[in-house]
Amino acid sequence: MNSQTLISKGSSKKTSGDRGDLASRIFRLREFGIFGILILFVGATTVARPRFLGGQNIRFILIDTTVFALLALGETMVVVSRNVDLSVGSVLGLSAFVSSNLYQQFHHVALVEVFLVGLGIGLVCGALNGLLVTVGKVPSLVVTLATLYIIRGVDVLIVGGGQVVANSLPNSFIEVTSSQLLGVPTVSIVVAVLIGLGAYYMKNFRSGRDLYAIGSNPDAARLVGIATSRRVFNAFLLSGAIAGVTGVIWASYYGTIDSTAGTGYELQVVAAVVVGGVAIFGGSGSVIGAAIGALLLNTINSALYVLGVSAFWDQAIAGFLLLLAISLDRGIFVYLQRTIRRKKVLGGS
Amino acid sequence: MNDITTVPNLDSGKGATLPNTQANTSKRSFKSLLVWESGLFVVLVASVIGGSILSPQFLTAGNILNLQLSIGEIAIMALPLALIVITGEIDLSVASILGLSSSLVGYLWMHHVPMSIALSVVLVVGALLGLFNGVLVTRLGLPSLAVTIGTLALYRGVALVILGSNIVSNFPPSYTSIGVNSIPGFDISYSMFVFIVLAVIFGLVVHFTPFGRSLFAIGLNKEAAAYAGIRVKRTKTTLYVLSGVICALAGVLYTFRLSTAEYNNGSGLELNAVSLVLLAGVSIFGGRGSILGVVLAVATLGTIQNGLLLTTFPQQAMGVVVGGLLLISVFVPNASLIRRQFQEFKFKKVAKKRSNSGESMGDLETKRILSSATGGKGDMLQS
Amino acid sequence: GTTTTSSSSGTSSSSQGSSASAKNIKVFVIPKQLGNSYFTTADSVKSGGALAAIQQLGATGTETSGSASTPSSQLPVIQSAITQGAKALVVSATDPTALCPTLNSAMAKGIAVVTYDSDAPTCRTLFVNQASTSEIGTSEVDLLAKEIHGQGQIAIVSASASATNQNQWIGYMKQELKKYPKMSLVSIVYGNDNPATATQVTQGLLQQYPNLKGIISPTTVGIAAAAALLDTPQYRGKIALTGLGTPNEMKKYVADGTVQAFELWNPANLGYLAGYAAVLLAQHKITNKEGTTFAAGKLGKYTIGPNHTILLGPPYVFNKANINNFNF
Amino acid sequence: MYYHRGTSTLPEVGKNNGTHMVTPTLALKHVRKYFGAVHALEDASLELFAGEIHALVGENGAGKSTLVKILAGLHQKDAGEMLFENFETTFTSPKDSIDSGIAVIYQEPTLFPDLTIAENIYMERQPRRSFNRIDYEEMNSSVSSIFASLGVALDPRQVSIGLSIAEQQLVEIAKALTLNAKVVVMDEPTAALSAKEVERLFHIAKTLKAQGVAILFISHRLEEVFRLCDRVTVMRDGRFVMSDLTENVSEETLVRAMVGRDVDLSERSEQRSVHEVVLEVERLSEEGVFNDISFSVRAGEVVALSGLVGSGRSEVVGAIFGIRRYDYGSVKVNSTQLKKGSPARAMEAGIALVPEDRRQQGLVMEMAISRNIALASLASLKRFGVLSSKAEKNFSKDWALKLRLKYSKLTSPVSTLSGGNQQKVVLAKWLSRSPKVLIVDEPTRGIDIGTKVEVHRLIFELARTGVAVLVVSSELPEVLALSDRILVMREGSLVGEFERSQATEEKIIALATTTKAVA
Ligand SMILES: Nc1ncnc2c1ncn2[C@@H]1O[C@H](COP(=O)(O)OP(=O)(O)OP(=O)(O)O)[C@@H](O)[C@H]1O
Ligand SMILES: Nc1ncnc2c1ncn2[C@@H]1O[C@H](COP(=O)(O)OP(=O)(O)OP(=O)(O)O)[C@@H](O)[C@H]1O
Ligand SMILES: [Mg+2]
Ligand SMILES: [Mg+2]
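Residue numbers (this note's numbering), protein chains in the order written: chain A, 1 to 349; chain B, 350 to 732; chain C, 733 to 1060; chain D, 1061 to 1579.
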């Protein structure tokens, strides 16, 4: 049968666009909310310390954000599908050491090869997580908490007491993070483009929408024939791959790499993703929001240092601001939801 | 009871299609409840045997005390955390509350506050910290993972504000001996004694009272729990307050064990506590778990870590062991599921005649789908 | 990893007459944390550290520790070392007091407790001091003063707020700064021995104090992070950096002029001396009395000073001229 | 009554539609399906022809939904044959079934709350433009036009969170329509729909039938079966019982075939003695949801709250029970005012609420049947502060027996029960509290006719013992049969009241839909 044939005698009044527009606007506005908080914050800091918006400081913030925003890109895909990847910090650490250590082990190593090794490590770790979650049917939080320990353990065993020192790294490698384009770190531009592509993919391709569907209602996702396991596996694979590549960037930026690289990043990345409006139970949120979340967190940190807040206070204040950001975001959401409901009742009669 | 399950059949006159073997089914369900716990028990026994073979010192009183000391505070924190996870929430700020309490004990002692007063203040502050978590989660409706990542930073930061670069270590030996000695006459450390007492109380409350039952109901479907008159928000807030108090207590024990108060005491222990709770078989999605599981997980993890310390096992790889243990423990209950899935996969390969490639789905999985069709979406609907 | 060494009977009998008694001596070397390259150098046989000394004396040495640099991670390791029948412990204390109840119980059992690198003053037999605390504090200020001609704003990038040796060094730095009235210490920040944090706090310093002239970072993680950040034309040569660092980590920055000079002692020698003293104490060949003198193998003669402390020697200053002679 | 053995049994159906159809589009023969010890299907058979609307009826737990799930590829049969267009077939996944041209509207809606309505409808089948990108414009406009044809006032771009059950059901129907299916299976699609929406659905079904689609229609409302369907198949206890043209069977035969005994379908209209006011609701308002609601219910009285789906009835009873907060007004039980926003207090005061959405609100699906029954009565089951498991077991066993619950063991999760039996568990949970005020929201949604009569009888029985009963129901026959007094709500306001003697379906519908106020 053809659905069009049914429509012929359709005589109902035009659908009320009011409710839908507002509702979908909320979800867009969730990113704007956090963006607004960011602007507010930058504004306040700049008034206090005009230098905060200086080129050098912006570069500092951008390059720090680059690492987290990139990790948040992969994490968002996983979280949207109602999973979580806590192993990103460990994958980053392993990849950072193994890839940059190539320069200490071999004489002629091409930059591409280093990135490929980082990517490869990420893919292997991501595939491991993905398999354990999809085939093993183990909750991802448990799986990735376990692999957080395991991968870090492997990293520590590989590194032993060694380390990679800046002296062994060629300039071409350092330049990955130090080169600039029109005063902006090149790597930040590249990552911004990647995030844009990620956002476009998540919005405009079936496989991207599938992740939202799975996160929103995993059982319904199976009923409409979504290859749930494959999609979730791919999300973990991608998250791992991204963490692997981020490890290489991390190594290039910090220059000295031992077995502690990326320790504790998992919670920061999850924080960025959540602050960026991605629902921790899946189904909604965007890559762009997560990136803004990462930017906000790094800006807060940087602002506290720049404002010269006592070193004893800055952690407490950062924690407080994080809570404030989540609460504000929630407040905006609830307010808009209430507005919708009122509109609907008024417009319904 | 036959008359409910049987509706006479017109065609064959055959009786009920539903076999009614109450006696053995209730036994079976009891068994299946304990699959996880018995799995842990087997691992525990194996590691005790393994440990005593590998090292002659393993079963000495001194070593057993060491074992208890090193896992004591984490074990204590894991108890209220298990309850919180059963209700479907999480608390990542536990180690920061421990650190803040430790700093506060140090600060008060540094300022010559009598220890008894200092301890009461610390427990009250612990309750307030937990209350803060609870209010943010239940009254503002924020996701607990996000909230407690925030308070993880906040509480640790406050600890830094309180104590700064100071290290307080001049605690009277009468207190610090609590941290290293066993209870006179027993081979039990004070922290383990606290754990055992708490575990018994928690076990009774969780498994044998209406309050305990309500925790599971909340974890499985908080909306339905609310409709049944369970005070969901208040219950959760209570748990966070409880967690705050107990973590403060753990902070005090930690301070005495190390005879040191400093702001970063216990940092990073939150993931250990969460691992312990998961190892105990508490479902991260809420609604499942037991205190017996927590006790067994504490014993198992403590034994394995301690046993490995006595051998030449590379300590750096401890993470690999803890992680591996965590994975194995969740895998074993799933093993039959995975095997079955694999068999069905093979079966379907044969059975597939006209169909295109598609996601294969076993009956068991379907059952899970249908049973969990409530979808745990309560959170989303509420927020 | 956990490395256990015990000498073959041939070499031990030739090097030490008392190898028969040394053979049963188990020495545990317990750094703050495993996987830290500084301690690997201090402890390993390959670099000639603590385990090398222990091996040379015919005893059995084991390096072990936790995976995090915290007392709660280190404590179970010490406890299990005691359980395993240690005769001597060589410990770099993660905390000056937290380990005391345990270390005291070890000493009560007749175990020799030698601390190195980081002391636990009230609960050990002997402390092998890498360099005198006051000397490190004063010499770093002097190094920096020379580079910035005794004037301008300076800041300190420390490890953590509660690290004892850091705070002691900083105390001496403040005293020494009184000699340079035109130099002012504007800020102390803490990088928590985490490269990312250290980088971020240093970034904050640069933004907050645009006229900053110099940075002292008395921690190897901090100085490496700060150096990587200053390693751009914008800052190179304009902001001086010194502190404690390892030659390998700093080679690049010394070569390109970001850093002119920094200091450290030889960690392998530090470990060697501690390991050597530990075995001798366990064999009761020496006591920890002030004035006791003994020959420490390749390092020569040492005398135990006040407070049961041996001083390894003055800190060594690395610069462009000598840095390439070192590999650790 | 006869048993099918061949394939070409009912040529009349084909003739009716002007085509010659000898083989069924879909045929199930002697299908068996066990879930462990539960024999959901013992010997099920069914033949479905193109161009017919075929009713499948049976008691709760007869195996209807299980049969549907086998057609949908969610379950695989353990034995028997399934022929699709005369080929032996096994659907191994929902995708198989969808690809073969079978569209299923499940008993319980399965939407993605975070995605838009259009995405819900086209998930996995989104129209695409270059580079396989999703064509949102095309998708939204096509959904708009489907909605227009269905007369549904929903925006396709709206996120589907917060849709009422009826709205969700409409989305599911739209989803099935876009599949261009050869077979459309509807598992109790009308349970949550208003009369108007049911009419629209019937219209759609008939249009589809005219296009040669085979429709399998499951419902507990027998009047619908007779009005809409060409043929009816009855199942009982997982077995095929009979199949015939609807014009050849009477309601009585059908019910007897389903239940296996005679059921007295006539509602008694005994005069009930009404006593003092128990529940008193005064000027209850929640901004934007309901407005100035005042009414009272006396002991022994059954009052119905009627109105269209979405008129705010559930919200009002939710507020009375305390699960929702209201902005203004008061609720009194026996003249004592209740604290607002506290179900626990409401329960102490003697109110019980059987909520409309049993899966979200009524039950903890993964908890044991016995524990669900006891969940609201735990306080009375403890001895010395400790729960007595024996008391709990006896308690729930008693109630399971009273409501003729069909289960295998009380310790298995409620999720293994059929929909109607799940509803009984919710009823047991609340009836067991011996409430003074019983509020039931859609008490018989999805319940089979035999049980429905029992539930009604139960409500009468309670009223007779002096309980004040407030019934919310979208089924007008039920409203008329049950209540002494009928309140009508429209768009959040109370617009009228009828004594039972004056009420007719027409009057109620008129009041519920028009804007003109009636006294
Ligand atoms: N996944 C399952 N596991 C165990 N038993 C099940 C499962 N699914 C269904 N059953 C059982 O199979 C029988 C048939 O259930 P089914 O849902 O098909 O009934 P139904 O005819 O659709 O009833 P209703 O009219 O109440 O929806 C019931 O006894 C039910 O408890
Ligand atoms: N969480 C929510 N968010 C937004 N709108 C909601 C929400 N819950 C209910 N509504 C809307 O409020 C209105 C009244 O809801 P509801 O369906 O409960 O009314 P009802 O009269 O009880 O109808 P029903 O017969 O379906 O129970 C509906 O239009 C519904 O869509
Ligand atoms: Mg059904
Ligand atoms: Mg309703």
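Where a beta carbon is used, it is the ideal one built from N, C-alpha and C, also for glycine.
Just confirm the distance between the C-beta atoms of residue i and residue j, as a whole number of angstroms; I'd bet it's less than 8 Å.
| i | j | result |
| --- | --- | --- |
| Ala96(A) | Trp250(A) | 5 Å |
| Thr974(C) | Tyr254(A) | Incorrect: roughly 20 Å between the Cβ atoms, too far for contact. |
| Ser87(A) | Asn57(A) | Actually they are not in contact, since the Cβ atoms of Ser87(A) and Asn57(A) sit about 32 Å apart, beyond 8 Å. |
| Ser239(A) | Gly74(A) | 3 Å |
| Ala785(C) | Gly936(C) | About 43 Å; that fails the 8 Å criterion. |
| Leu297(A) | Gln268(A) | 7 Å |
| Val1203(D) | Leu1175(D) | At roughly 12 Å, the Cβ-Cβ gap does not stay under 8 Å, so Val1203(D) and Leu1175(D) are not in contact. |
| Ile902(C) | Ile920(C) | 7 Å |
Are residue i and residue j closer than 9 Å when you measure CB to CB?
| i | j | result |
| --- | --- | --- |
| Val154(A) | Val143(A) | no |
| Ala987(C) | Val860(C) | no |
| Asn655(B) | Phe481(B) | no |
| Ser1374(D) | Val1532(D) | yes |
| Met915(C) | Gln885(C) | yes |
| Leu628(B) | Ser678(B) | yes |
| Gly673(B) | Ile280(A) | no |
| Gly499(B) | Phe320(A) | yes |
| Gly331(A) | Val245(A) | no |
| Leu1571(D) | Ala1528(D) | no |
| Leu875(C) | Phe1058(C) | no |
| Leu447(B) | Val507(B) | no |
| Arg1281(D) | Gly1320(D) | no |
State the start and end residues of the unbroken beta strand (DSSP E) segment that holds residue i.
| i | result |
| --- | --- |
| Gly638(B) | From DSSP, Gly638(B) is part of no beta strand (DSSP E); its letter is neither H nor E. |
| Val1117(D) | Ile1113 to Gly1118 |
| Ser1153(D) | First-last for Ser1153(D): undefined, no H or E at that position. |
| Gln885(C) | Gly884 to Ser890 |
| Thr1025(C) | Thr1025 to Ala1027 |
Counting along the chain, where does the alpha helix (DSSP H) carrying residue i start and finish?
| i | result |
| --- | --- |
| Phe97(A) | Val88 to Gln105 |
| Asn1051(C) | That residue, Asn1051(C), is in no alpha helix (DSSP H); its beta strand (DSSP E) goes Tyr1048 to Asn1051. |
| Thr584(B) | Val581 to Arg606 |
| Leu875(C) | Thr865 to Glu879 |
| His1090(D) | Here His1090(D) belongs to no alpha helix (DSSP H); instead the beta strand (DSSP E) covers Leu1086 to Phe1095. |
| Leu296(A) | Val287 to Val306 |
| Ile1177(D) | Ile1177 to Tyr1182 |
| Ala960(C) | Thr952 to Leu962 |
| Ala1488(D) | Gly1479 to Leu1491 |
Open item on the list: Please give the ranges of any beta strand (DSSP E) in the segment 1391-1423 of chain D, keeping only runs that are unbroken, at least 3 residues long and fully inside the region.
Closed with: 1411-1414
- [ ] Kindly provide the chain-ordered list of residues whose Cβ lies closer than 5 Å to any non-hydrogen atom of ligand 1.
- [x] Lys716(B), Phe1095(D), Val1098(D), Ala1100(D), Asn1120(D), Gly1121(D), Ala1122(D), Gly1123(D), Lys1124(D), Ser1125(D), Thr1126(D), Thr1476(D), Leu1477(D), Ser1478(D), Gly1479(D) and Gly1480(D)
Task: Sequence ranges, alpha helix (DSSP H) only - wholly within the segment 170-208 of chain A, length at least 4 - done: 171-178 and 186-204
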